[in-house]
Amino acid sequence: MVTEPVLQPALNVDAVSYAYGKVRALDQVSFAVPPARFAVLLGLNGAGKSTLFSLITHLYAAQGGSITIHGADVAKAPGRALAQLGVVFQSRALDVDLTLRQNLIYHAALHGIGGKEAETRACSLLIRVGLEAQIDARVATLSGGQVRRVEIARSLLHRPRLLLLDEPTVGLDVKARADILAHVRVLVAEEGVSVLWATHLFDEISADDHIIALHRGRVVADGAPNAIAARFGATTLQEAFVRATREMAEATP
Amino acid sequence: MSTGAYWICLKGIVWREALRFVHQRERFISALVRPLLWLFVFAAGFRQVLGVSIIPPYETYIPYEVYIAPGLMAMIQLFNGMQSSLTMVYDRETGGMRTLLVSPFPRGFLLSAKLMAGTFVSILQVYAFLVVAWFWEVEAPWYGYLAILPAMLLTGMMLGALGMLISSLVKRLENFAGVMNFVIFPMFFASSALYPLWKMREASPLLYQICALNPFTHATELIRFAFYGKLDLLALGVVAGCTLLFLAAAILAYDPARGLIARRAGG
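Respectively, the protein sequence lines represent chains A and B.
Heads up: the first sequence begins at 11 in our numbering, then just goes up one per residue.
Heads up: the second sequence begins at 6 in our numbering, then just goes up one per residue.
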């Protein structure tokens, strides 16, 4: 095996396009998520975030371009690519009638992890998200924020190196939102997991995040929040985003 | 992935389906009540009208209840297959199907495992039905109860694969009523489940042809013969062939590159 270059990106999206019939959802989208970084996929509703997530998770295939996860091509080697990927979907993925333990054991099995090993991992991840006391409670009895934390624990069962989260704070109160965000940031800092966090909320972004701004299926800005702001002559990222999308609207009448 | 990992994954998928089934008591009861209504009400009325002469695998004259029991067993599996496909459409709208498909195992394996899980649940339902039917004097030799197991594995896979194929075509949950009208009812009525095919031929040669081509007829006959420890080779061939065909089509429909779900997701 070839030794992995030090700076190989956790996720590399290269000239990816996708259209639903005549409607272009993604147009030549290229960006990379550096290893052990918190990257934010910023975009309004309809920007193409969900389509992009469907392509990265191999739900369907890109019509042009390529996507690699730690060097493994999603289209050519889906098994190897998906094994390194953890996903928290916007819609719920847990069975509400089953207990946390049953849910986590099922999802561990989906990655070929069974028996004692699955139990051990489920317990230690629940400790990590502070829900070990509820291990035998049904998911239906948890609050929205707690369910999200279990979803994060679920996505980490197979120890992925890249974690994808699709607007994970939707529908949560302020405290739960901050909580989830803090949990994921700790993962990046302590475990070296790379994260791609999709959102349209500017207050979830911190100064040293890597930003990929998506608008109408195109990348309009890519880099650190300060650098993006400076490039558009703005003082904040939000202002820069508004200018960038306006520029694009003027360029394409 | 090692063979052991595949086994863990398959076990996990079946185990989860069984757990969900246990928790959905209404689903179990309605799955049991439906065929029992047919047996207690429909068959009781019909036995006066319809005499079933001696046809294989039966060796004597049989009451009508005994005749329709295998068709009702297949009906349980038909409903279960369609119900699983309904769950899949629902799962697609929530995250359940996505988390399944994001597993690193090959997609064909994952979908087959899901089908096996559904089939397993349908077999539990059939045995529950047979327990009640036994008190209604629908009985078979003891080995018949064992012989239907492999038969129902195959018929369950066939009907489940058909349901999965349909789930990839059904865009929204609301369209599911159409599946009842255009799949379940025609398959069930135009088959040998309720009347022997020779009766059909007397009524209409065209209808007879349709019934003879209906895969559900062969599913019913495979179970009917197995119930008496016999093997209907034609039925076995048709059911096995249809299983492969439906399964291949369903896997193709869920294939990321060619799949129908991709085209449908935009709408």
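From the three backbone atoms N, C-alpha and C, an ideal C-beta is built for every residue, glycine too.
Since the model is a prediction, treat every value here as computed from it, not as a measurement.
Simplified DSSP state of residue i, which is helix, strand or coil
i       : result
L37(B)  : helix
D232(A) : strand
T78(A)  : strand
S204(A) : strand
L21(A)  : strand
T246(A) : coil
W141(B) : coil
S40(A)  : strand
S216(A) : coil
R148(A) : strand
H168(A) : coil
I221(A) : strand
V97(A)  : strand
V26(A)  : strand
R269(B) : Caution applies to R269(B), whose pLDDT of 49 falls short of 50 and renders its modelled position unreliable; the value that the coordinates give is listed next. Three-state DSSP puts R269(B) in a helix.
T209(A) : strand
L174(A) : strand
R34(A)  : strand
D189(A) : helix
D105(A) : coil
D96(B)  : helix
A254(A) : helix
A259(A) : helix
Reference residue i; option with closest CA among the options
i       : options                               : result
N219(B) : W141(B), Y148(B) and A195(B)          : A195(B)
A188(A) : L166(A), Q156(A) and E201(A)          : Q156(A)
R148(A) : E142(A), A128(A) and L110(A)          : L110(A)
K235(B) : I18(B), P62(B) and E31(B)             : P62(B)
L141(A) : H121(A), A128(A), G125(A) and R164(A) : R164(A)
G74(A)  : A25(A), A49(A) and V33(A)             : A25(A)
W12(B)  : T65(B), F110(B) and L105(B)           : F110(B)
K204(B) : L44(B), I60(B) and P40(B)             : I60(B)
F193(B) : T222(B), R206(B) and L202(B)          : T222(B)
V19(B)  : A103(A), I115(A) and D218(A)          : I115(A)
Boundaries (first-last residue) of the alpha helix (DSSP H) holding residue i
i       : result
Y259(B) : Where Y259(B) is concerned, there is no enclosing alpha helix (DSSP H), given that its DSSP letter is neither H nor E.
V27(B)  : T8 to H28
F274(B) : Lying outside 6 to 272, the shown extent of chain B, residue 274(B) is not represented and no answer is given.
P155(B) : W147 to L174
S321(A) : Outside the displayed range of chain A (11 to 263) lies residue 321(A), so it cannot be described from this structure.
G101(B) : G101 to L106
N113(A) : L110 to A119
G50(B)  : A48 to F51
E142(A) : It is not in any alpha helix (DSSP H) - E142(A) carries neither H nor E in the DSSP assignment.
Q214(B) : P210 to L218
S134(A) : G125 to R138
Boundaries (first-last residue) of the beta strand (DSSP E) holding residue i
i      : result
A52(A) : In the sequence on display, residue 52(A) carries Leu and not Ala. Note, L52(A): beta strand (DSSP E), F48 to L52.
Below-8 Å beta-carbon distance, residue i vs any chain D residue
i      : result
R25(B) : Of the chains in the structure shown, none is chain D; the protein chains are A and B.
Near the ligand SAH: residue i beta-carbon under 7 Å from a heavy atom
i      : result
Q38(A) : The model depicted lacks the ligand SAH and carries no ligand whatsoever.
Against chain A: residues of the segment 6 to 23 of chain B by CB proximity under 9 Å: Within the segment 6 to 23 of chain B, the residues whose Cβ lies closer than 9 Å to any Cβ of chain A are, in chain order, M6, S7, G9, A10, Y11, W12, I13, C14, L15, K16, G17, I18, W20 and R21.
Residues of the segment 113 to 144 of chain A with Cβ closer than 9 Å to any Cβ of chain B, in chain order: Of all residues in the segment 113 to 144 of chain A, only N113, I115, Y116, H117, A118, A119, L120, H121, G122, I123, G124, G125 and A128 place a beta-carbon less than 9 Å from a beta-carbon of chain B.
Residues of the segment 149 to 168 of chain B with Cβ closer than 9 Å to any Cβ of chain A, in chain order: Of all residues in the segment 149 to 168 of chain B, none places a beta-carbon less than 9 Å from a beta-carbon of chain A.
Residues within the segment 92 to 111 of chain B neighbouring chain A, beta-carbon criterion of under 8 Å: Going along the segment 92 to 111 of chain B in chain order, one finds E98, T99, G100, G101, R103, T104, L105, L106, V107, S108, P109, F110 and P111 with a Cβ nearer than 8 Å to chain A.
Contact list for the segment 101 to 112 of chain A against chain B, Cβ threshold 7 Å: Under the 7 Å Cβ criterion, the segment 101 to 112 of chain A contributes S101, R102, A103, D105, D107, L108 and Q112.
Under 9 Å (Cβ pairs) to chain B, residues found in the segment 204 to 235 of chain A: Only those residues of the segment 204 to 235 of chain A whose C-beta falls short of 9 Å from the nearest C-beta of chain B would be listed, and there are none.
Residues of the segment 158 to 169 of chain A with Cβ closer than 7 Å to any Cβ of chain B, in chain order: Listed by position, the residues of the segment 158 to 169 of chain A near chain B (Cβ gap below 7 Å) amount to none.
Chain B contacts made by the segment 24 to 58 of chain A, where a contact means CB separation under 9 Å: Flagged, chain order: Y28, A29, Y30, G31, V33 and A35.
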